[in-house]
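Okay, structure first, notes after.
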Amino acid sequence: MSYQNLLTAVEDGIMTITINRPDKLNALNRQTIQEIGAAMKSAESDQSVQVVVLTGSGTKAFVAGADISEFSHYGEAEGKDLAQKGHDVFNSIEQLSKPVIAAINGFALGGGCELAMACHLRVASDNAKFGQPEVKLGLIPGYGGTQRLVHLIGKTKATELLMTADMIGANDALSLGLVNYVVLPDQLMEKCRELAGKIMKQAPLAIASVIRCVNDAATPNGFATEVDEFGKCFVTSDFKEGAGAFLEKRAPDFKGR
Ligand code: COA
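To convert, note that position 154 of the sequence shown is 338 in the working numbering; the numbers rise steadily by one, no gaps.
What follows is the structure, given as structure tokens:
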């Protein structure tokens, strides 16, 4: 599939999705959000894809936010519609059955920070900057930021970042638990591939179960989901293979069934 604002490539089980509006610091206009949704659907259905890596083009920005030029004239109904469409796509990233790793190669502001937070794992280059500056514009985050930031770093620091519009660097983001790793810019994709490689050695259906359980940790259903998903693992061929391989002292050969 070809896109106006995205580049995609699949290699060795990894689909790389690159948001490609470098002259606008990869700001998310409606078209780009819709295309990210379509790319996630294609990652879900493509049997050759095991992990998705999402990044921004250029060296300056992952995504510098929602495209401000697009909504400066909006009213309430249009604002709600914009947020709902963003939620639908960002939730589809979080709920993808395959891991999505954000490779954060620069500014991750507003919708860019929210996009990174919708991914399952985050690797940042040491020049990355994070923030939710919406209050500077008289807005609040509309793509899940008020919720995911609290879940990821806790209410105390999240409230401060949401209220002050402060930008923080990659190492502060690491200390807060906002990202998994910080690496040099030229090692960013390599680190993502290393992480993806470790995940791809595991049982794919178990990975999908982990995603569902972790997502439900923010709801009252988390423990019940774990019981359910744990039970379901026992009827997979991958469990028979994994347990058999352990007992036979060999490496497992998972098929995702
Ligand atoms: N929406 C639309 N356009 C954006 C954008 C956004 N969120 N962020 C950057 N751009 C555009 C700029 O308008 C500029 O376009 P132009 O060259 O046609 O004028 C281009 O990207 C480069 O940005 P610029 O501001 O010149 O780069 P900078 O290095 O001086 O500053 C930032 C970088 C990220 C600090 C600054 O662009 C910024 O504050 N962006 C908005 C961040 C934000 O508020 N995000 C939340 C939106 S809800």
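Here a beta-carbon is modelled for each residue, glycine too, at the ideal position from N, C-alpha and C.
Please classify V431 as buried or exposed, where buried requires at least 16 other C-beta atoms within 10 Å of its C-beta. Position check: residue 431 holds Leu in this sequence, whereas Val was assumed. Exposed, since its Cβ has fewer than 16 Cβ neighbours within 10 Å.
Report buried or exposed for A261, applying the criterion of at least 16 other Cβ atoms within 10 angstroms of its Cβ. exposed
Thinking just about the alpha-carbon of each residue, which of V233, L238 and A312 is nearest to the one in L190? L238
Looking only at its own chain, which residues have a Cβ that is under 7 Å from the Cβ of R396, when we skip the five neighbours before and after it? T409 and E413
Return the Cβ separation of D310 and L368 in integer angstroms, given the expectation that the two are a contact with Cβ distance under 8 Å. 6 Å
Identity of the residues DSSP links to G240 by a beta bridge: I203
Within the continuous beta strand (DSSP E) that includes F423, where are the two ends? It is not in any beta strand (DSSP E) - F423 instead sits in the alpha helix (DSSP H) that spans S421 to L431.
I'd like to confirm the pairing. Which residues does DSSP put opposite S309 in its beta bridges? V367
Does at least one heavy atom of the ligand COA sit under 6 Å from the Cβ of L293? yes
Whole-angstrom distance between A250 and G259, CA atom to CA atom: 16 Å
Compare the C-alpha of M373 against each of A402, M185 and T202 and name the closest. T202
Does DSSP classify T403 as helix, strand or coil? coil
Are Y171 and V273 closer than 7 Å when you measure CB to CB? Lying outside 185 to 441, the shown extent of the chain, residue 171 is not represented and no answer is given.
L336 - containing alpha helix (DSSP H), residue span: G329 to I337
Rounding to the nearest angstrom, what Cα-Cα distance links V235 and H257 in this structure? 38 Å
Given the structure, does K208 come close to the ligand COA, in the sense that its CB is under 6 Å from one of the ligand's heavy atoms? yes
Length of the line joining the Cα atoms of R214 and R434: 49 Å
Verify the contact flag: E318, CB atom, against every heavy atom of the ligand COA, threshold strictly below 6 Å. yes
Give the straight-line distance between the Cα atoms of Q231 and I252, rounded to the nearest whole angstrom. 37 Å
Can you give me the C-alpha to C-alpha distance between K416 and Q331, rounded to a whole angstrom? 29 Å
Contact check, G326 vs S276, beta carbons under 7 Å: no
Grab the span of the alpha helix (DSSP H) containing V273 for me, first residue to last. E260 to E278
Verify whether the separation of the beta carbon atoms of A267 and A211 is less than 7 Å. no
C-alpha distance - N289 paired with C297, whole-angstrom precision: 12 Å
Rounded Cβ spacing between A342 and A312 (contact assumed at less than 8 Å): Not a contact, Cβ separation roughly 18 Å.
DSSP-derived helix/strand/coil call for L360: helix
With distances taken from CA atoms, which of A390, M301 and V233 is nearest D422? A390
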